[in-house]
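Residue numbers (the numbering used here): 1333 to 1501.
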């Protein structure tokens, strides 16, 4: 009996009970919803939800289509056949829907250019407000990976802020 006092029992991880709580109903306020143009935020929220409620990757991947609009659910269902795990399905969805994603577009050069042109069209500019908004877009651009290439923008790229300054990215 002395040996059992020195060596406490060790439990294998696979013998521990798994607790799975029911997922929130699709279209309920606490459930993520995929419309086709919000792939970045949807995948982030869906992964967090599946972890929070204790669902394994393969089961979470199967249930994902329930949290999508009708039209996109068909496309997600076709991706599920080729990509059975949540991680693989998420990567495939990023590839399929990235061109429609508003969040990925905000950090691109095109979005910065469009913003500058829009402000210049308005005429009189509140330089402080413009500078803060431009800085936010530039910061987001520096930290995001580009969906088309999968790499970050190089450090020597610059964007010209026509009102106040030139920003090095």
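Note that CB positions come from ideal geometry on N, CA and C, so glycine has one too.
Since the model is a prediction, treat every value here as computed from it, not as a measurement.
Mapping the DSSP letters down to three states, classify residue 1366 as helix, strand or coil.
strand
So, are the CB atoms of residue 1375 and residue 1422 less than 8 Å apart?
yes
Out of curiosity, what's the CA-to-CA distance linking residue 1455 and residue 1462?
12 Å
The segment 1404-1419 / the segment 1387-1396 touching (three or more Cβ pairs under 8 Å):
yes
Closer than 8 Å is the cut-off here; do at least three beta carbon pairs connect the segment 1364-1378 with the segment 1431-1451?
yes
Can you tell me where the alpha helix (DSSP H) with residue 1403 in it begins and where it stops?
1402-1414
Starting from residue 1359, follow the alpha helix (DSSP H) in both directions and report where the run begins and ends.
From DSSP, residue 1359 is part of no alpha helix (DSSP H); its letter is neither H nor E.
Name the two residues that bound the continuous alpha helix (DSSP H) containing residue 1372.
1371-1384
CA-CA distance, residue 1429 and residue 1379?
17 Å
C-beta contact flag for residue 1445 and residue 1404 at 8 Å
no
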